[in-house]
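Take 1 as the starting number for the sequence shown in our numbering and just add one per residue.
Heads up, the beta-carbon is just placed ideally off N, CA and C, and yes, glycines get one too.
Read the structure below first, then the notes.
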Amino acid sequence: MTSTIVSAFLTYTLITAMTPGPNNILALSSVNQYGLRKSTRVLAGMSAGFLIIMLLCAAFTFTLNNLLPSVSIWLSWAGAAYVLWLAWRIAVSEPSSSNTQAKPLSFWLSFWLQFANVKIILYGITALSTFVLPHTDNVFWVLIVSLLLAVIGITGNLCWALAGHLLQSLFQRHGKTINLILAAALIYCAVRMFI
Numbered sequence: 001m002t003s004t005i006v007s008a009f010l011t012y013t014l015i016t017a018m019t020p021g022p023n024n025i026l027a028l029s030s031v032n033q034y035g036l037r038k039s040t041r042v043l044a045g046m047s048a049g050f051l052i053i054m055l056l057c058a059a060f061t062f063t064l065n066n067l068l069p070s071v072s073i074w075l076s077w078a079g080a081a082y083v084l085w086l087a088w089r090i091a092v093s094e095p096s097s098s099n100t101q102a103k104p105l106s107f108w109l110s111f112w113l114q115f116a117n118v119k120i121i122l123y124g125i126t127a128l129s130t131f132v133l134p135h136t137d138n139v140f141w142v143l144i145v146s147l148l149l150a151v152i153g154i155t156g157n158l159c160w161a162l163a164g165h166l167l168q169s170l171f172q173r174h175g176k177t178i179n180l181i182l183a184a185a186l187i188y189c190a191v192r193m194f195i
């Protein structure tokens, strides 16, 4: 791969990983609401699920490129449902100062939610089919790039979680308003999947 391809790959992956999406908003919301320590299971579940999704994208990219027209509509509906569920959960949640008894999502729930997260599925498929497969069909490199995609994506989630931690006092003062703004952003993401 040329330096131009590597540069384009890194630009795409970093922008995609750092922009708002279901995982990033879930990470921010969970850490803000329950604190960093109580959210480690949520973050670990998201990270493990993210890694598995990237490995599945590597294993099935060739096949999915052929099946994408028939599979993409189902992925879009599942992803939209997930994003809307997450928006609802954030919108109805109480600000962190008044919700001290509640528990964050479990490891397994946050893990399995990754399988409905169209953003990361398309992130993996797009990165592999656009930047890797046209230049190599070596399974080793496809696997290495998939692991790199997971590391970049997980880093984005952790950045948002850190923002939730560092800005926790702001969120506690204006929690309900911020939750509604985050929920509206997710609803916008869901609508944009279809227009």
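Query, Result
"C-beta contact flag for residue 140 and residue 9 at 8 Å", "no"
"Beta-carbon contacts of residue 41 that lie in its chain and below 8 Å, excluding the five residues immediately before and after", "104, 105, 106, 107, 110"
"Among 35, 48, 25, nearest to residue 151 - alpha-carbon criterion", "48"
"Terminal residues of the alpha helix (DSSP H) in which residue 173 lies", "168–173"
"Nearest to residue 182 (by Cα), restricted to the options 39, 26, 14", "26"
"Residues near residue 29 by beta carbon distance below 8 Å, same chain, minus five either side", "90, 93, 164, 179, 182"
"Assigned secondary structure, residue 126 (DSSP; H/G/I helix, E/B strand, else coil)", "helix"
"Under the three-state DSSP convention, the category residue 136 falls into", "coil"
"Cβ pair residue 16, residue 188 closer than 8 Å", "no"
"Within 8 Å, strictly: CB atoms of residue 56 and residue 157", "no"
"Residue closest to residue 2, alpha-carbon to alpha-carbon, out of 176, 136, 148", "136"
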